[in-house]
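Just so we're aligned: 68 in UniProt numbering is position 68 of the sequence shown, and the numbers increase by one with no gaps anywhere. The beta carbon of each residue, even a glycine, is placed where N, CA and C say it ideally should be.
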Amino acid sequence: MTLITKLSIPQNINLQHFKNIIYFKGPYGLKKLIYLNYVLIFIKLNTLIIQLKPIKKITKKAKAYYGMLSKIIQNIFYGLLYTYTQTLFLKGIGYKFIKEDKKLFIKLGYSHLLSLKIPKAITINIETQTKLIGLCIDKNVLSLFINRIRQFKLPNKYTGQGVLYPNEIIKLKNGKAHKTKKK
C-alpha cells in the first residue's frame, strides 16, 4: 500500500527541490523545508506529489510523518499567499503594549516593564494600547510568540484581567461567600 497526496501549487508560488530540501517563494517571503527520508516528493507541472516510500512494513511513525508533512506544506502555501494573523487584547487598568524598534514592551501591573525581542519573521502592529496584531508567514513561529506574550499574565478567573485572545469568554467565579452565623 502506497500513500500519495497531490497538492496543487498556487500560481504565485515558486518551488525549488534539491535532495531533501524544498524552497518556497511567494509574494510575502521565502520559506525552506527540510524533510526526512520517509517520503518521496516530486514536482510535476503545477502539482506537488508526496508519496510514502514503498517499504515492506509501513510504521506508524512513517504514516504520521507523511500526514504531517502534507499539512505543513499546505500551511506554507497559505502563509506565503496570505500571511497568518493573531490578535491579543489586554484587559486591566494601566495595561498596555509599547513597541520600540524590534522590541515589544508590555505593562501588566508589575513594578517593571516586561520586554520581548520581536523575531525577524514576525511583524507586530499595535492598533491601540491594548490591542496587538501579529503577522507572519509561519504559523508555528507566530503561535509560539503570541503564546509567550499570553503566558506573562493569563486571564484571572475572578476579575477577568490579563492577556486575552479575541472573543475569548472567561467564566468569572464568585468571590468568597459571606457566611452567616447560626445561634
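Using DSSP with H/G/I as helix, E/B as strand and the rest coil, what is residue i?
{"i": "residue 76", "result": "helix"}
{"i": "residue 165", "result": "coil"}
{"i": "residue 152", "result": "coil"}
{"i": "residue 14", "result": "strand"}
Taking 8 Å as the cut-off, decide whether the C-beta atoms of residue i and residue j are in contact.
{"i": "residue 118", "j": "residue 102", "result": "yes"}
{"i": "residue 2", "j": "residue 36", "result": "no"}
{"i": "residue 157", "j": "residue 173", "result": "yes"}
{"i": "residue 113", "j": "residue 149", "result": "no"}
Just checking my contact of residue i with residue j at CB under 8 Å: how many whole Å lie between their CB atoms?
{"i": "residue 135", "j": "residue 85", "result": "5 Å"}
{"i": "residue 10", "j": "residue 77", "result": "6 Å"}
{"i": "residue 90", "j": "residue 123", "result": "Their Cβ separation, rounded to whole angstroms, is 19 Å, which puts residue 90 and residue 123 out of contact at 8 Å."}
{"i": "residue 82", "j": "residue 39", "result": "Residue 82 to residue 39, Cβ: 26 Å. No contact."}
{"i": "residue 92", "j": "residue 109", "result": "6 Å"}
{"i": "residue 33", "j": "residue 4", "result": "At roughly 19 Å, the Cβ-Cβ gap does not stay under 8 Å, so residue 33 and residue 4 are not in contact."}
{"i": "residue 155", "j": "residue 142", "result": "Incorrect: roughly 20 Å between the Cβ atoms, too far for contact."}
{"i": "residue 137", "j": "residue 121", "result": "7 Å"}
{"i": "residue 25", "j": "residue 75", "result": "The pair is not a contact, with the Cβ atoms about 16 Å apart (cut-off 8 Å)."}
Note down, in chain order, each residue of its chain lying with its Cβ closer than 6 Å to the Cβ of residue i, except the 5 sequence neighbours on either side.
{"i": "residue 132", "result": "88, 97, 126"}
{"i": "residue 49", "result": "6, 42"}
Which residues does DSSP list as the beta-bridge partners of residue i?
{"i": "residue 84", "result": "136"}
{"i": "residue 100", "result": "103"}
{"i": "residue 51", "result": "4, 40"}
{"i": "residue 116", "result": "104"}
{"i": "residue 30", "result": "25"}
{"i": "residue 128", "result": "131"}
Can you list, in chain order, the residues of its chain whose CB lies under 7 Å from that of residue i, leaving out five sequence neighbours each side?
{"i": "residue 8", "result": "46, 47"}
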